[in-house]
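A short worksheet on the structure shown next.
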Amino acid sequence: MDLKIRRAEEKDVQAIAELEAVCFKGEDPWSEGAFFNEIVENADKTLYLAAISDDRIVGYMGVWRILDEGHITNVAVDPAYRRQHIAEALISEMIRLTSEGGTSSWTLEARVDNEPAIKLYEKMGFTGVGVRPGYYEYDGTDALIMWKGHEV
Ligand SMILES: CC(C)(COP(=O)(O)OP(=O)(O)OC[C@H]1O[C@@H](n2cnc3c(N)ncnc32)[C@H](O)[C@@H]1OP(=O)(O)O)[C@@H](O)C(=O)NCCC(=O)NCCS
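If you count the sequence shown from 1, you need to add 12 to reach the numbering used here.
This is how it looks when you write it as structure tokens:
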């Protein structure tokens, strides 16, 4: 598979929001406006990456850089392109780029019932360190807090 990972730009906002709506259906997906805010308005504090295959966006991820920490906001891959290591490629590239900018630890929340995501992050060196009860307000599910590169 021909896969390219590059920084997401303003022209990608609509496609990313459309993919978000598919990947987080029923789970409070972010709006196009929210992605515009993240990718364009807050470009100095965030890094959003897009995975391109067959000339379209098939995956994306975002991270906020806060001091030396990276707070991952979202990672998603088009259902038709899953299990081809695209999420892995996105996270590896994000870690490489943010490390260069001084980030030394990364964190995220995942639904405790989201086995694909938890397995993915474990494979990428993240460890579950605690639970935020009822974190997902739309259905009250708990979040697993995961960190990589952080003394806990
Ligand atoms: C989670 C998600 C991003 C994974 O994307 P992906 O490109 O299919 O993942 P990869 O192919 O890079 O998988 C890397 C590793 O993650 C784990 N993994 C991924 N999907 C898995 C699944 N369905 N079941 C078990 N393990 C899985 C495996 O360890 C896999 O390595 P392997 O294929 O060598 O066994 C994708 O399923 C998705 O978009 N889900 C909906 C959105 C979501 O839940 N995002 C995370 C929010 S916290």
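Yeah, the Cβ is synthetic: ideal placement off N, Cα and C, and Gly gets one too. Predicted model only: the values in this text are computed from it and were never measured.
For residue i, the first and last residue of its enclosing alpha helix (DSSP H)
i: M73; result: First-last for M73: R68 to I78, but that is the beta strand (DSSP E), not the alpha helix (DSSP H).
i: T110; result: I98 to E112
i: E121; result: It is not in any alpha helix (DSSP H) - E121 instead sits in the beta strand (DSSP E) that spans S117 to R123.
i: Y133; result: E127 to K135
i: I28; result: V25 to C35
Check whether residue i and residue j have beta carbons under 8 Å apart
i: D90; j: V70; result: yes
i: R77; j: L59; result: yes
i: M73; j: N86; result: yes
i: T115; j: M158; result: no
i: I17; j: A122; result: no
i: D80; j: S111; result: no
i: Y150; j: E21; result: no
Candidates the options: closest to residue i by CA position
i: I103; options: Y150, E134 and L79; result: E134
i: G45; options: D151, I28, R95 and G38; result: I28
i: P128; options: Y150, A99 and D154; result: A99
i: D24; options: A63, D80 and I130; result: A63
i: A92; options: S65, Y150, T139 and E22; result: S65
i: R144; options: D154, V52, I130 and K37; result: D154
Near ligand 1: residue i beta-carbon under 7 Å from a heavy atom
i: A129; result: yes
i: V89; result: yes
i: E100; result: yes
i: L15; result: no
i: Q96; result: yes
i: N54; result: no
i: A33; result: no
i: F36; result: yes
i: G74; result: no
i: Y126; result: According to the sequence as given, residue 126 is Asn; it is not Tyr. The answer is yes for N126.
i: A122; result: yes
i: L109; result: no
Residue i, enclosing beta strand (DSSP E) - first and last residue
i: I17; result: K16 to R19
i: A62; result: T58 to S65
Which residues DSSP lists as bridging residue i, in chain order
i: D144; result: The sequence given here places Arg at residue 144; Asp does not occur at that position. Answer is A155, bridged to R144.
i: G82; result: R77 and W118
i: A88; result: Y72
Short CB-CB distance (under 8 Å) between residue i and chain D
i: E50; result: In the structure shown, chain D does not exist; there is a single protein chain.
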